[in-house]
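Going line by line, the protein sequences match chains A and B.
Each residue of the first sequence is one higher than the one before, counting from 1 in this note's numbering.
Each residue of the second sequence is one higher than the one before, counting from 1001 in this note's numbering.
A short worksheet on the structure shown next.
There are 2 protein chains.
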Amino acid sequence: MSPFRPVTVADVARRAEVSKATAARVLGGYGPVSDEVKLRVQAAAKALDYRPNELARSMSTGKSGTIGIVVGDIENAFFGIAVRSISDTAHRHGFNVILANSGEEVEAEKAALKVLVGKRVDGLIVTPADNRNIAHLRDIVRSRRPLVLFDRPIDGLAVDMVATDDRDAAFAATMRLVEAGHRRLAYVTALNAEPPIFIGPEQLYTSSVKARIDGFLAACHATGIEEPERGICLAGGTATGQQRASVEQLLSAAEPPTAILASDSLVAFEIFKAMQARGLRIPEDLSLVSFYDAEWTSVTTPPISVIDQPVYDMGTQAAELLIARINGESPPARHCVLPTRFIERGSIGAPRRTMAAS
Amino acid sequence: MSPFRPVTVADVARRAEVSKATAARVLGGYGPVSDEVKLRVQAAAKALDYRPNELARSMSTGKSGTIGIVVGDIENAFFGIAVRSISDTAHRHGFNVILANSGEEVEAEKAALKVLVGKRVDGLIVTPADNRNIAHLRDIVRSRRPLVLFDRPIDGLAVDMVATDDRDAAFAATMRLVEAGHRRLAYVTALNAEPPIFIGPEQLYTSSVKARIDGFLAACHATGIEEPERGICLAGGTATGQQRASVEQLLSAAEPPTAILASDSLVAFEIFKAMQARGLRIPEDLSLVSFYDAEWTSVTTPPISVIDQPVYDMGTQAAELLIARINGESPPARHCVLPTRFIERGSIGAPRRTMAAS
DNA sequence: ATGTAGTGTGAGACCGGTCTCAATTCGGAG
DNA sequence: CTCCGAATTGAGACCGGTCTCACACTACAT
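As structure tokens, this is what we get:
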């Protein structure tokens, strides 16, 4: 009735009748050991079903063989694939992955980081929730622990980063809508802002959101659309019903937009559902374009035009950059911006009633 | 130019001019310490920016505060939500989560388990890929480490389990299709089998797959459908194109099925795409029902009828069961079977050409 | 004054590995 | 036959926490 104490090197050493040091050399595969002794130790290890304690190993080596990931929302397919990609790459290089979810809350992000650092991860990949509040990220950098930002750059933080050309993509997609004849455009993004109405870019604390809105506005300005800021809808976070309410409000406005660009596939999904519920047709009543080529966008009638982001590649890149640094490389901070691809499907048409500009 | 050695209790103790033991008591929040000393130590800790080393802590306490998850495929939304749910619940109880992906390969599953055990996780939640090859799971049980099986029960392994009523759900869905007039049914599942044609249930090494096929066949037999086994399509794993080819083959058969039950939303997606490519209409040409209420199933035209599985609840349940055991409870193995819900949408209709039975 | 709890503190063992360094053995050169 | 160096091996420190135990000191009853 032993309390099932796990087998240790000392146990193996005793059974193989060698010293703990020698057994450790065989089991850890480092020092020189004679073949005869090696076999004896291996036999003893097998007989006792020895399993090395990685914790103890990490303690003395200082390396944990683990990388930490902090994402905004694993439930979002975008992050789901990113996590998959990062862990595939990590495993390929012999690393494990600890996952934490921030729910897009900075406080949760801080807590997650604290835990991961406590576990002495060898490096971190983070999707920062708020680019105004980055003291905790600076701490990471100061402690010399490799860090890669994912999907969202942060100005003034000299650290590796992987993202997409958000501004250009939004610009191009908006131009495409304007070319189709639209003058009343909306950009809908998931963001908890105070106040919930768009006032200016200083309000946007998520860098990718800011870049996309920049692109949207730039395209509007370039084509002479007036007051495009009024079309920006900050639809709130992932909390229940919040986004739905914002979308409902947008669609039932006195002069609703004739085309919508959605910042992610979840918001686009809400828009699609709301339209369906109201009997609005795409693209006759409203044109729709979304960031991210989510599964569902290709099977609707009509399918939705999207800005495809190479998520899997982004994850791989991020992991590669991180692991290179963990392995000792220390070049200056690299910014890796991957191109997006516009996939035109059937969701863009001419606006219902053409309105002459001014 | 220090090599950035992290601050330890000893450092804090030295600065606060107390013994290492006393500093540890304050920092670890356990032993009795006078208020005056406590303040001094806390001040020193703050000044030095002390961060406890969880690894060292785990080593002496024997608890890591971490639970390990091994899922088949994180990219699958079903597992994505499960992971989200499990980590939410874990964090609520003060645990962290280490994630590993088996890609539905037993060998990868074994490796993942080895690593997680090496990291001394306090407990494990596993989606076993193969119920014939469970020696490694028995090892876990033998070592007294809490284990919960997720989504897939395994006979003869006395361990907690959370799953859905797969057999009943498949039975009911099949009955619904038969009631609509179908006699030529197909059940398509993601499974790498040797040979790739269904021969008998002994071939099915994933328990949920087996249960669902049992239910399908039982409903067919109960309604006098002949040779329903011929409708079972083992469409292969997630490897590229494999499933697509199987589905193509199924649809282009001489006498294609008039109704299909899909074992998961990924396979159903392949079927949907393949049908779309061939111009087949739902439900006029083919009725379709899928397991799991994936996002896309509700926005197609027509929307797809599904067997909704309470994934989030499953994850929460699994985590709760596990944590209870980690916290010392040790009741006999519990099997927690959650009910599914049939969501009827527009994808079921009468078969195109009614065929008289025999 | 002496006994007796009770409280706060320090010294040091311990967890299970890694790793340094000294000791031992053995072969071949001188 | 002796000496040197290479190859193995063992003893024990160390990583950074936790935790046991002994000790000092105070407070109060006897």
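The beta-carbon is built from N, C-alpha and C at its ideal position, and this holds for glycine as well.
Per the coordinates, the alpha-carbon of Gly1236 (chain B) lies some 21 Å from the alpha-carbon of Asp88 (chain A). The three-state secondary structure of Ala1262 (chain B), taken from DSSP, is strand. For Gly1118 (chain B), a Cβ of chain A is located within less than 9 Å of the residue's own Cβ. Scanning the segment 33-120 of chain A from its first residue to its last, the whole beta strand (DSSP E) runs of 3-plus residues come out as 66-71, 96-101.
For Pro310 (chain A), the nearest beta carbon of chain B is not closer than 9 Å to its own beta carbon. Uninterrupted beta strand (DSSP E) stretches at least 3 residues long and entirely within the segment 1137-1216 of chain B occur at 1147-1150, 1160-1164, 1185-1189, given in chain order.
C-alpha of Leu1251 (chain B) to C-alpha of Ile326 (chain A): approximately 50 Å in a straight line.
Cβ proximity to chain B below 9 Å picks out nothing from the segment 226-258 of chain A. Chain B places a beta carbon closer than 9 Å to that of Val115 (chain A), counting this residue as a contact. Distance from the CA atom of Arg334 (chain A) to the CA atom of Val148 (chain A), rounded to whole angstroms, is 9 Å. A buried status is given to Ala1262 (chain B), since no fewer than 16 other beta-carbon atoms sit within 10 Å of its beta-carbon.
Within 10 angstroms of the beta-carbon of Arg1176 (chain B) lie 16 or more other beta-carbons, which makes it buried. Within chain A, the residues placing a beta-carbon under 9 Å from that of Phe1272 (chain B) are Val299, ordered along the chain. Out of B:His1182, B:Tyr1312, B:Asp1073, the CA that lies nearest to the CA of Ala1100 (chain B) is found in B:Asp1073.
In this structure, Leu1322 (chain B) lies away from Ala1163 (chain B), with their beta-carbon atoms at least 9 Å apart.
Thr223 (chain A) has its alpha-carbon roughly 58 Å from the corresponding atom of Glu1179 (chain B). Contact of Ile140 (chain A) with chain B by beta-carbon distance below 8 Å is absent, the smallest such distance being about 11 Å.
Cys220 (chain A) is not bridged by DSSP to any residue. Legend: CB atoms of the segment 1028-1061 of chain B lying less than 9 Å from CB atoms of chain A belong to residues Asp1049, Arg1051, Pro1052, Asn1053, Glu1054, Leu1055, Ala1056, Arg1057, Ser1058, Met1059. When Cβ-Cβ separations below 9 Å define contact, Pro1006 (chain B) makes contact with chain A.
Here Leu1234 (chain B) is bridged, per DSSP, to B:Thr1189. Taking C-beta atoms as the reference points, Val1306 (chain B) and Phe1291 (chain B) count as a pair closer than 9 Å.
Residue nearest to Pro146 (chain A) within the set A:Glu344, A:Ile348, A:Glu320, A:Thr340 is A:Glu320 (criterion: CA-CA distance). For Leu1288 (chain B), the enclosing beta strand (DSSP E) begins and ends at 1287-1291.
Nearest to Pro128 (chain A) by C-alpha distance, out of A:Ser208, A:Val289, A:Val18, is A:Ser208.
When 7 Å is used as the limit between beta carbons, Arg144 (chain A) is near these residues of chain B: Phe1004, in chain order.
If you ignore the 5 residues before and after Gly349 (chain A), its C-beta comes within less than 7 Å of the C-beta of Ala180, Pro283, Glu284, Ser287, all in its own chain and listed in chain order.
Exclusion of the five residues before and after Asp1214 (chain B) leaves Arg1167 as the residues of its chain whose Cβ lies within less than 6 Å of its Cβ. Phe216 (chain A) is not a Cβ neighbour of Thr258 (chain A), given a cutoff of 9 Å. Counting only the Cα atoms, Met1314 (chain B) lies some 19 Å from Asp1155 (chain B). Interface flag for Asp73 (chain A) against chain B is set, since a Cβ pair is found closer than 9 Å.
Only residues of its own chain outside the window of five on either side were considered, and among them Ala294 have a CB closer than 6 Å to the CB of Ala77 (chain A), listed in chain order. The beta carbons of Arg120 (chain A) and Asn1096 (chain B) sit about 13 Å from each other, so the pair does not count as a contact at 8 Å. Annotation: Cβ neighbours of Leu99 (chain A) in chain B (cutoff 7 Å, chain order): Ser1087, Val1097, Leu1099. Between Ser1330 (chain B) and chain A, the shortest Cβ-Cβ separation is not below 9 Å.
Uninterrupted alpha helix (DSSP H) stretches at least 4 residues long and entirely within the segment 269-326 of chain A occur at 311-326, given in chain order.
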